Amino acid sequence: LPVAAALDLPRRACSRARSFALPRACARLSCLPCQMPLTRAPDGRSKKCAYEWCWVCGGAWKDHSGNFYTCNKYKESDDSEDVKRKDQSKVALERYLHYYTRYINHHNSLKLEEGTRKKMEDKILEMQSLGNNTWLDVQYLKEAAEALLACRHALQYTYVYAFYLSPSNHKELFEMAQRDLEMTTEDLSAETTEKPVEEIDRHTVLHHQHMSKKRLENLFSAVEAHRAAEREALLSGSQQSQGE
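When you line the sequence shown up against this note's numbering, it's residues 932 to 1175, in that order.
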């Protein structure tokens, strides 16, 4: 089942997938202190001035205050006066850019990791050459690469889905599942693609792979539960109308 279908994206979200994307130039991030273009790197630092940044939202890493992955949520303003002072079109644009930025960052990350399969094949051969493992022993790396790509593919579409959600308990649950999936996906990426062969630990990789699959299932389950509740509400409303 395609990820977009599994997430039950509204038809307009699917049909406007291309219009959801701004020009590429708008997606390029620059380091605030030195203005050098930022590219995703394992250490999350600017190559020129060592400025630490979050690749998910593009903000300063020090501003995350330990809540590293809460930047997946768009914070609605609670101050009605503040909203009144802002032009409504600007408010709408800020909300759109929140979701678009995170969508395109995951999309670009997925493109960077499309070479993951080849990297894993090279690591499998390197592990075999060390003489401590057979071909069968190191196939877990291939499975981890597939799990990583599946999570990346799903994550980019979670922001399209969330963009069309109204504030609700379902949205809160969905964003919690989204955050958890981002965390485990980054852990899996760090343990497989960013470590040299000598430092890769089989048990750690298998743990993160299992957690990534589990949290991806949790995210799909949250969507399916919402769909079931909507169907039940529609059926109940229809029966009440017929009774009247």
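By construction, the Cβ of each residue, glycine as well, lies at the ideal position given by its N, Cα and C atoms. A quick note: this is a predicted structure, and the numbers were derived from the prediction, not measured.
Residues of its chain near residue i, where Cβ-Cβ distance is below 7 Å and the 5 sequence neighbours each way are ignored
i	result
residue 1064	1058
residue 934	Summary for residue 934: the model assigns pLDDT 48, below 50, so the residue's position carries little reliability; its value from the coordinates is reported in the next sentence. Result list for residue 934: 1084, 1085, 1088, in chain order.
residue 1118	1139
residue 1169	none
residue 1133	1071
residue 956	Unreliable positioning characterises residue 956 in this predicted model, as indicated by a pLDDT of 35, which lies under 50. The coordinate reading is nonetheless provided below. Around residue 956: no qualifying Cβ.
For residue j and residue i, believed in contact at Cβ under 8 Å, the rounded distance
i	j	result
residue 1093	residue 1102	7 Å
residue 1072	residue 1051	5 Å
residue 1086	residue 1037	5 Å
residue 1158	residue 1111	About 20 Å; that fails the 8 Å criterion.
residue 1128	residue 1054	5 Å
Interface flag, residue i vs chain B, CB-CB below 9 Å
i	result
residue 1035	Absent here is chain B; the protein component of the structure consists of one chain.
C-alpha distance - residue i paired with residue j, whole-angstrom precision
i	j	result
residue 1090	residue 1062	44 Å
residue 1096	residue 1056	45 Å
residue 1114	residue 1154	19 Å
residue 1068	residue 1143	21 Å
residue 1034	residue 1028	9 Å
residue 1046	residue 1019	42 Å
residue 1165	residue 1171	10 Å
residue 1024	residue 1160	31 Å
residue 1116	residue 1098	26 Å
residue 1078	residue 1141	9 Å
residue 1042	residue 1021	31 Å
residue 1106	residue 1100	10 Å
residue 1026	residue 983	24 Å
residue 1130	residue 1162	49 Å
8 Å CB neighbourhood of residue i in its chain, flanking five on each side removed
i	result
residue 1136	1071, 1072, 1075, 1119, 1122, 1123
residue 1066	1055, 1059
residue 1167	none
Sequence-distant residues of its chain with Cβ nearer than 6 Å to residue i (five each side left out)
i	result
residue 952	Reliability fails at residue 952, whose pLDDT of 44 lies under 50, so the model's placement of it is uncertain and the value that follows must be treated cautiously. Nothing meets the Cβ criterion.
residue 1156	none
residue 1030	1090, 1094
residue 1149	1108
### Query
Unbroken alpha helix (DSSP H) runs of length 4 or more, entirely within the stretch 1012–1060: which are they?
1019–1043, 1047–1060
### Segments assigned alpha helix (DSSP H), at least 4 residues, entirely inside the stretch 1083–1159
Counting only runs of 4 or more, we get 1100–1123.
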